[in-house]
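Structure first, commentary second.
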Amino acid sequence: MYAEEVAEMAGRIRDEDIALVRERTSIAEVISDTVTLKSAGGGNLKGLCPFHDEKSPSFNVSPARNVWYCFGCGAGGDAIKFLMDAEHLSFIESVERLAARAGIQLRYVEDDRSAPRTRPQQGQRQRLVAAHAAAVEFYRAQLSTAGARPAREFLAQRGFDRAAAERYGCGFAPDAWDLLTKHLRQQGFTHDELVTAGLSRPSRSGSLIDRFRRRLLWPIRDLTGDVIGFGARKLFDDDDGPKYLNTPETPIYKKSHVLYGIDQAKREIAKQGKVVVVEGYTDVMACHLAGVPTAVATCGTAFGADHIGVLRRLLLDTDAVAGEIIFTFDGDAAGQKAALRAFEDDQRFVGRTFIAVSPDSMDPCELRLAKGDLAVRDLVARREPLVDFALRHMINRYDLDTVDGRVEAMRRAAPLVAKIKDREKRPEYVRKLAGDLGMEIEPVQRAVLAAAAGQPAGGATGPARSGPVTPTLDSPQSMVEREALKLALQEPVLAGPMFDAVEAGEYRHPVHQVLRAAVAAAGGVATATGGAVWIEQVRDACDDLAAQALVGELAVEPLRIDGEPDPRYVSITMARLQWGSVTGRIKDLKSKIQRINPVSNKDEYFALFGELLSLEQHARALREQAAGGL
Numbered sequence: 013m014y015a016e017e018v019a020e021m022a023g024r025i026r027d028e029d030i031a032l033v034r035e036r037t038s039i040a041e042v043i044s045d046t047v048t049l050k051s052a053g054g055g056n057l058k059g060l061c062p063f064h065d066e067k068s069p070s071f072n073v074s075p076a077r078n079v080w081y082c083f084g085c086g087a088g089g090d091a092i093k094f095l096m097d098a099e100h101l102s103f104i105e106s107v108e109r110l111a112a113r114a115g116i117q118l119r120y121v122e123d124d125r126s127a128p129r130t131r132p133q134q135g136q137r138q139r140l141v142a143a144h145a146a147a148v149e150f151y152r153a154q155l156s157t158a159g160a161r162p163a164r165e166f167l168a169q170r171g172f173d174r175a176a177a178e179r180y181g182c183g184f185a186p187d188a189w190d191l192l193t194k195h196l197r198q199q200g201f202t203h204d205e206l207v208t209a210g211l212s213r214p215s216r217s218g219s220l221i222d223r224f225r226r227r228l229l230w231p232i233r234d235l236t237g238d239v240i241g242f243g244a245r246k247l248f249d250d251d252d253g254p255k256y257l258n259t260p261e262t263p264i265y266k267k268s269h270v271l272y273g274i275d276q277a278k279r280e281i282a283k284q285g286k287v288v289v290v291e292g293y294t295d296v297m298a299c300h301l302a303g304v305p306t307a308v309a310t311c312g313t314a315f316g317a318d319h320i321g322v323l324r325r326l327l328l329d330t331d332a333v334a335g336e337i338i339f340t341f342d343g344d345a346a347g348q349k350a351a352l353r354a355f356e357d358d359q360r361f362v363g364r365t366f367i368a369v370s371p372d373s374m375d376p377c378e379l380r381l382a383k384g385d386l387a388v389r390d391l392v393a394r395r396e397p398l399v400d401f402a403l404r405h406m407i408n409r410y411d412l413d414t415v416d417g418r419v420e421a422m423r424r425a426a427p428l429v430a431k432i433k434d435r436e437k438r439p440e441y442v443r444k445l446a447g448d449l450g451m452e453i454e455p456v457q458r459a460v461l462a463a464a465a466g467q468p469a470g471g472a473t474g475p476a477r478s479g480p481v482t483p484t485l486d487s488p489q490s491m492v493e494r495e496a497l498k499l500a501l502q503e504p505v506l507a508g509p510m511f512d513a514v515e516a517g518e519y520r521h522p523v524h525q526v527l528r529a530a531v532a533a534a535g536g537v538a539t540a541t542g543g544a545v546w547i548e549q550v551r552d553a554c555d556d557l558a559a560q561a562l563v564g565e566l567a568v569e570p571l572r573i574d575g576e577p578d579p580r581y582v583s584i585t586m587a588r589l590q591w592g593s594v595t596g597r598i599k600d601l602k603s604k605i606q607r608i609n610p611v612s613n614k615d616e617y618f619a620l621f622g623e624l625l626s627l628e629q630h631a632r633a634l635r636e637q638a639a640g641g642l
């Protein structure tokens, strides 16, 4: 997600300015504002990671390269990324904050990267946000008027007093066609600005009227706390509009990215490593007031991939730090259907996903009103794994007293088990599913294996194919590959053409292959000048999360040499890398030659034998070059 945001912003902020911000920013000074750093030797600094609890420091900072990496949780990056994670800022907000700190005037370009400009989008956003801030104050004042009595009664009937309404900025759109529009026009906002913001709309006669009328309003804020839209609830029976009406898509309001309550919940989400996804504005309010401060809700759209991206950044949702995502849905059929849809999104999270359903089919707001704050907290505490819920409701559709029912339930449930991302849990769920169905474990296991292989459940599965053996991360071959990649990231000027001459095919470990390809995609080591800009270029070129994490790790990990590296050390490292790869190919070639009949396949036999002699000669040369070891 970070790379995507960088790519997006590269088309708006000039690339040179982003690079200049990285170069002129002292990462140690930025991080020292929140983390106490001490010397770790070799010019590096170390402290306790701000993104996860730890007793011994594993958070490393390299001032020379302006990057940081935590060996405990796997997070890492440059100063821009640190502000994004620590302050929950967007990419542009982080760049602009660091630019102001360094005294850099940022320049902006059109999407086609033509001539520089002064970013009218920035001015537009400021104007739209200002218009919404003025609208919030207008609507809040209207909530205390006589005409807003139904809105106040609605809140009171759901257990929200005046303090709660003020905390969440609740307001009322009056029974008038253009009262807000006239108010904002008097404050200097233009016709086009109000239409673009979604606060006003043209009438049939062409005049401008308010978008919301006779409704209870909730301001919707982004991560920074800026109001970017409104959610409006119908109060009157003669209102022909939908029950809830939201701000339309605008330059600052994208419903697929927006989560109501995220501004108040973000720090607790990051702190607890947990988020509770509810269905409505009043559910968010009820959860927060009941002591569940991590609750958020979507705004007029289904929970989707973009919402997941927002939450993963807050949760630091990585292989090393897996948080909890708890969905709450009504217990009715629609709620169950929504829960099964959520299971499809489960695979997008690294963390564990759960579901919390009230036994009385009440949402959190209703539950708090009927049984109090403790009942809401208990609802979340009694969560169950989402996969358990999905399996139970899947097999409950079938008559398990019949053979056909059991077999059909098995066929439908097997793909759910096959989708469980934690492979170590799959055998246990196979046994559980077999027990729930009243079947022997073997047919259920076959059905799950078939589903995992993309075959129809219950179909036959062929023998497993074995591919080339992947070296472990601590094998000699992987260690020398790792050292070569460290040289490329930390010492590109030194490594230069020697590194570029050894292609990705010489690397045996898959993640190392991806990272080597990313180095090439970033322009190659010979063209790099080093530092945070180069490291981020490589990270951005990675399309694999594991490789992206490895970039941050290798950027701060010390080289395996006493003293400063020199060209001879680079030469030895690259020779040993190739020697390990060549000897592996020699072994494979010898095995292939042994399987060929030299009489009936004479041409192929001598061709392979000649290739073997050439490889053995190359291996001897590499062994001589690598003499002296690491």
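Residue numbers for the sequence shown, in our numbering: 13 to 642.
The beta-carbon is built from N, C-alpha and C at its ideal position, and this holds for glycine as well.
With DSSP run on the structure shown, which of helix, strand or coil describes residue i?
i: residue 576; result: coil
i: residue 564; result: helix
i: residue 544; result: helix
i: residue 443; result: helix
i: residue 58; result: strand
i: residue 610; result: coil
i: residue 134; result: With a pLDDT of 45 at residue 134, under the threshold of 50, the predicted position of this residue should be treated as unreliable, though the coordinate-derived value follows. Helix.
i: residue 104; result: helix
i: residue 515; result: coil
i: residue 490; result: helix
i: residue 44; result: helix
i: residue 51; result: strand
i: residue 432; result: coil
Within the same chain, show all residues whose beta-carbon is closer than 6 Å to that of residue i, passing over the 5 residues directly before and after it, in chain order.
i: residue 97; result: none
i: residue 141; result: 238
i: residue 83; result: 70
i: residue 157; result: none
i: residue 430; result: 460, 463, 464
i: residue 162; result: 247
i: residue 29; result: 118, 119
Within a Cβ cutoff of 8 Å, which residues of the same chain sit near residue i, ignoring the five residues on either side of it in sequence?
i: residue 206; result: 143, 193, 196, 197, 212, 220
i: residue 366; result: 336, 337, 338, 339, 395, 396, 397, 398
i: residue 54; result: 570
i: residue 617; result: 605, 608, 609, 610
On a Cα-Cα basis, can you pick out the residue from the options that is closest to residue i?
i: residue 87; options: 234, 376, 327; result: 327
i: residue 415; options: 432, 444, 400, 449; result: 449
i: residue 432; options: 451, 412, 275, 463; result: 463
i: residue 324; options: 275, 612, 454, 281; result: 281
i: residue 566; options: 38, 73, 31; result: 73
i: residue 319; options: 246, 268, 190, 277; result: 268
i: residue 225; options: 254, 232, 201; result: 254
i: residue 154; options: 187, 83, 532; result: 187
i: residue 179; options: 146, 519, 275; result: 275
i: residue 371; options: 381, 364, 341; result: 341
i: residue 109; options: 201, 148, 36; result: 36
i: residue 210; options: 259, 234, 203, 38; result: 259
i: residue 540; options: 568, 501, 199; result: 501
i: residue 489; options: 511, 512, 520; result: 520
i: residue 587; options: 252, 510, 277, 115; result: 510
For residue i, collect the residues of the same chain with a Cβ closer than 7 Å to its Cβ; drop the 5 residues on either side in sequence, then sort them by chain order.
i: residue 105; result: 236
i: residue 296; result: 272, 273, 290, 307, 308, 309
i: residue 562; result: 523, 527
i: residue 530; result: 550, 553, 554, 559
i: residue 508; result: 537, 538
Could you tell me whether the Cβ atoms of residue i and residue j are closer together than 8 Å?
i: residue 610; j: residue 499; result: no
i: residue 56; j: residue 543; result: no
i: residue 376; j: residue 386; result: no
i: residue 243; j: residue 265; result: no
i: residue 598; j: residue 620; result: no
i: residue 137; j: residue 183; result: no
i: residue 229; j: residue 176; result: no
i: residue 111; j: residue 545; result: no
i: residue 90; j: residue 26; result: no
i: residue 492; j: residue 589; result: yes
i: residue 422; j: residue 455; result: yes
i: residue 170; j: residue 304; result: no
In chain order, each beta strand (DSSP E) run of at least 3 residues that lies wholly inside the region 355-405: 364-368
- prompt: At what residue ranges does the region 139-190 contain a whole run of the beta strand (DSSP E), taking only runs of 3 or more?
  reply: 183-185
- request: Mind listing, in chain order, the continuous alpha helix (DSSP H) runs of no fewer than 4 residues lying wholly within the region 258-332?
  value: 274-284, 293-302, 317-327
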